[in-house]
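**Q**
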Ligand code: MN
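In our numbering, the protein residues as written are 5 to 292.
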């Protein structure tokens, strides 16, 4: 695709806070870094969680995520490297491969498994949880795999490669757009010395996670494996990033729902009563 004209923010966002992730394990012992933790759900509404996984040691990922339920939100899995097989109770099955995205709307409920389909090599990627508005939490489950070749990509005149997973950036529309939360999800590859800008709606909550190399955002240096929460300032119209070295990052933004968030493990609802209902439905086989 030819280089689009880059948006030039009049008032670029500043960094409010740099966050270090928490090393943890989930599923059947998959080692990962929880970048967006429960404490940040309110601040980064509509996003509920971001996990970064990356290892070339099969012991860190091989057991994967056997059958488990979800209700009330969407999961977006972006695989940088590796192969993961998905199967769910709605009858969907797919193989997520390097560069591909899997978008799943759990809605009223799915039980699924996410299992590595490799015995060795590097497994690296992200899983982002995107909340659903109250009126959509019990919608029908939905699922789609987007292989790497269908993900829109553009290269700026400065050599920055931008993969548009969700939303739109510099006129390029991603594989998915969502009403209400209007998520933007970009994977940005910057060569040393490059500058990259994109528009961001003023009211969106936004963050950047640098997964290779360091970038500068509004005068703040963001080291690799760190998340920068971007400040929400009146009149801010975009973000500008500078790379002193080769760097790769994801930029994620969305419109807050401003609704109560009650999470119990893989269920995210608006009230405690709805969580009790989800548990009861799960225990009695009524979740799906
Ligand atoms: Mn899952």
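Beta carbons are placed, not taken as given, at the ideal position from N, Cα and C, and that holds for glycine.
1) Taking 7 Å as the cut-off, is the CB of residue 130 close to at least one heavy atom of ligand 1?
2) With distances taken from each beta carbon to the nearest heavy atom of ligand 1, which residues come in below 7 Å, in chain order?
3) Quick one: Cα of residue 75 to Cα of residue 197, how far?
4) Specify, as a first and last residue, the run of the beta strand (DSSP E) that residue 267 falls within.
5) Assuming the contact rule is C-beta atoms closer than 8 Å, residue 171 and residue 195 should be a hit. Round their C-beta distance to whole Å, please.
6) Any chance you could list the beta strand (DSSP E) runs of at least 3 consecutive residues sitting entirely within the stretch 66 to 122, in chain order?
7) Below 7 Å CB to CB, which residues in the same chain sit around residue 91 once its five sequence neighbours on both sides are set aside?
8) What separation, rounded to the nearest whole angstrom, lies between the Cα atoms of residue 131 and residue 38?
9) Tell me which same chain residues have a C-beta within less than 6 Å of the C-beta of residue 82, skipping the five on either side of it?
10) Since residue 68 and residue 31 should fall inside the 8 Å C-beta cutoff, what is the C-beta to C-beta distance between them, to a whole number of angstroms?
11) Is residue 125 helix, strand or coil when you go by DSSP?
12) Taking only three categories from DSSP, how would you classify residue 175?
13) Locate the beta strand (DSSP E) running through residue 230, then write down its first and last residues.
14) What are the boundary residues of the beta strand (DSSP E) that includes residue 286?
15) Using 8 Å as the cut-off, can you tell me whether the stretch 201 to 211 makes contact with the stretch 266 to 283, which would need three or more C-beta pairs spanning the two stretches below that distance?
16) Using 8 Å as the cut-off, can you tell me whether the stretch 218 to 232 makes contact with the stretch 17 to 28, which would need three or more C-beta pairs spanning the two stretches below that distance?
17) Apart from the five residues on each side of it in sequence, which residues of its chain come closer than 8 Å, Cβ to Cβ, to residue 265?
**A** In terms of the structure at hand:
1) no
2) 69, 72, 74, 79, 116, 118, 270
3) Distance from the CA atom of residue 75 to the CA atom of residue 197, rounded to whole angstroms, is 44 Å.
4) 266 to 268
5) The pair is not a contact, with the Cβ atoms about 24 Å apart (cut-off 8 Å).
6) 69 to 74, 77 to 85, 87 to 92, 97 to 101, 105 to 109, 114 to 120
7) 97, 116, 117
8) 10 Å
9) 105, 129, 130
10) 6 Å
11) Looking at residue 125 - three-state DSSP - the assignment turns out to be coil, as it is neither helix nor strand.
12) coil
13) 230 to 234
14) Careful: residue 286 lies outside any beta strand (DSSP E), inside the alpha helix (DSSP H) at 276 to 287.
15) no
16) yes
17) These residues qualify, in order along the chain: 45, 46, 49, 52, 135, 272, 274.
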